[in-house]
Amino acid sequence: MNSGGVVLHLPEGWLLDRSEMPPFYHKLQHGFEELGIRCTLEEVDASDPQSRIAGDRDFHIFNHRRVVHPRALNAGVAYVYPFWNLDPQGIRAHSSIADMPFRAHKVDGDKARAFLGKLRGRWAEQRQSRYAQPEDREDIPENAVAVFFQSEGHRGVDETCFMDRWQMLEATLLGWPGPVVVKPHPREMEEAVFVRLLEVQARHPRLVISQGNIHDILSACVRVVTINSAVGIEAYMHRKPVILCGQTDFHHIADTARAPDELIALLGKAPAGRVYAKYLYWYFCRNCVDAGRADVAGQAVRRIEATGFELVRGNGG
Numbered sequence: 001m002n003s004g005g006v007v008l009h010l011p012e013g014w015l016l017d018r019s020e021m022p023p024f025y026h027k028l029q030h031g032f033e034e035l036g037i038r039c040t041l042e043e044v045d046a047s048d049p050q051s052r053i054a055g056d057r058d059f060h061i062f063n064h065r066r067v068v069h070p071r072a073l074n075a076g077v078a079y080v081y082p083f084w085n086l087d088p089q090g091i092r093a094h095s096s097i098a099d100m101p102f103r104a105h106k107v108d109g110d111k112a113r114a115f116l117g118k119l120r121g122r123w124a125e126q127r128q129s130r131y132a133q134p135e136d137r138e139d140i141p142e143n144a145v146a147v148f149f150q151s152e153g154h155r156g157v158d159e160t161c162f163m164d165r166w167q168m169l170e171a172t173l174l175g176w177p178g179p180v181v182v183k184p185h186p187r188e189m190e191e192a193v194f195v196r197l198l199e200v201q202a203r204h205p206r207l208v209i210s211q212g213n214i215h216d217i218l219s220a221c222v223r224v225v226t227i228n229s230a231v232g233i234e235a236y237m238h239r240k241p242v243i244l245c246g247q248t249d250f251h252h253i254a255d256t257a258r259a260p261d262e263l264i265a266l267l268g269k270a271p272a273g274r275v276y277a278k279y280l281y282w283y284f285c286r287n288c289v290d291a292g293r294a295d296v297a298g299q300a301v302r303r304i305e306a307t308g309f310e311l312v313r314g315n316g317g
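Take the sequence shown: its letter number 250 is residue 250 in the numbering used here, and every next letter is one higher.
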């Protein structure tokens, strides 16, 4: 059995200015030290993490990486705060949650409904999201399907998408006879995106181009289409059925279209009933770390020791 302390692999900027480091890592570091577990911080080196791990006997936590090793976990925000992935495969779309079975009958319904109420209170009812949302309200047409674009230029979305955003939008317009609302990603508001959207709108007058608040759109729409955006999780908060057009780790209660024709076909069928509250409780409370709690390090210790690694106590400081 391997044993030792913990190494946190973080961006250089966070190490140079600790005020830039997310509270999650502050809680991890201080919590490990309080438990007497040696914890060191170093700059993440994406070039050869396997060799770095092989260089000692410690356990390694990598920020925003996909490092697979018996002595490693990957950390990153799990779509909405304060929940984090701490996962042996990766974060978000690449996390091991994707391969886990979701068994609704094993989830306490009362706890799940209470949890959904808290999520809605923090995000949906406050009209807040990961990215800043406008306060002004827009009129969203009834009986609309909402299509949400992603920031393809800033993340590796193309690694996990089954079609590009334009194919997704065109297929939605072909498959849905009513209004279609499309919201560009806040980080991709370039003129070229809007020029192309206007070209699509000229061919399909039913298309509504919106920069409105994500929760206003989700509240009004009847269905959501996205590649693998966090908006899918937020749609679950509104109890809205989701069609995914890419690989995700929250696919269990969504429909997945692996080609434009499949998306068209899915839009022609009524979505099955979903257990949104139980699913969100299972995803976040059973499979993520809650950084809003005081025992972040304790949650991490349980995940580390579940791998068979023995954390040595008495080396804090």
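For glycine and all other residues, C-beta sits at the position ideal for the given N, C-alpha and C.
| Asked | Found |
| --- | --- |
| Residues near residue 72 by beta carbon distance below 8 Å, same chain, minus five either side | 49, 53, 59, 60, 61, 62, 88 |
| As assigned by DSSP and simplified to three states, the class of residue 250 | coil |
| Spatial neighbours of residue 167 in its chain, beta-carbon cut-off 6 Å, leaving aside the 5 residues before and after | 260 |
| Start and end residues, alpha helix (DSSP H) containing residue 14 | 12 to 16 |
| For residue 223, the three-state DSSP class (helix, strand or coil) | strand |
| Exposure of residue 226, with buried meaning 16 or more beta-carbon neighbours within 10 Å | buried |
| Where the alpha helix (DSSP H) containing residue 166 begins and where it ends | 165 to 175 |
| Sufficient close CB pairs (3 or more, under 8 Å) joining the region 188 to 203 to the region 270 to 286 | no |
| Three or more C-beta pairs below 8 Å linking the region 209 to 221 and the region 97 to 117 | no |
| Three-way DSSP call (helix, strand, coil) for residue 243 in this model | strand |
| Burial state of residue 165 (16 or more Cβ within 10 Å) | buried |
| As assigned by DSSP and simplified to three states, the class of residue 287 | helix |
| Per-residue burial, residue 143 [other beta carbons within 10 Å of its own, 16 or more giving buried] | exposed |
| DSSP state of residue 158 mapped onto helix, strand, coil | Only weak support is given to the placement of residue 158: the predicted model assigns it a pLDDT of 42, under 50, and the value that follows is read from those uncertain coordinates. Looking at residue 158 - three-state DSSP - the assignment turns out to be helix. |
| Straight-line gap, residue 127 to residue 33 (C-alpha atoms, nearest Å) | 38 Å |
| Completely contained alpha helix (DSSP H) runs for the region 68 to 151, where each covers 4 or more residues | 109 to 119 |
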